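K.L.:
Here's a structure for you.
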Amino acid sequence: LLLTVRISSVAGMAAALSAPASALATGHILYVPMLLGFAFLVLWKHRANIVRLKEGTEPRIGTSSSTA
93 LLLTVRISSV AGMAAALSAP ASALATGHIL YVPMLLGFAF LVLWKHRANI VRLKEGTEPR
153 IGTSSSTA
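Straight run, no breaks: the sequence shown in our numbering ends on number 160.
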């Protein structure tokens, strides 16, 4: 996902959300509550990134920064 969209926060949030789904799909049900908690924490910590994604201002990897 990182190579496709080139936004590290999107890749990180997708990984956090896919972890509990993967645990559930592979039968590791005991890990699901813990992984859901971690996913929630990751999304909570990425609040500002989510706002920037909605605004279209989240920086992409490989683009130059215009701030000095």
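Ideal Cβ positions, reconstructed from N, Cα and C, are used throughout, including at glycine.
Note that this is a predicted model, so its numbers are computed, not measured.
Can you check whether the CB of LEU93 is closer than 8 Å to the CB of ALA106?
P.N.:
Contact flag set, yes.
K.L.:
Does THR96 come out as helix, strand or coil in the three-state DSSP assignment?
P.N.:
Residue state, collapsed to three classes: helix.
K.L.:
May I ask you to report which of helix, strand or coil DSSP gives PRO151?
P.N.:
PRO151 falls in the coil class under three-state DSSP.
K.L.:
May I ask which residues mark the beginning and end of the alpha helix (DSSP H) holding GLY119?
P.N.:
Run containing GLY119: none; DSSP gives neither H nor E here.
K.L.:
May I have the straight-line CA-CA distance separating ASN141 from LEU122, to the nearest angstrom?
P.N.:
So the alpha carbons of these two residues sit roughly 30 Å apart.
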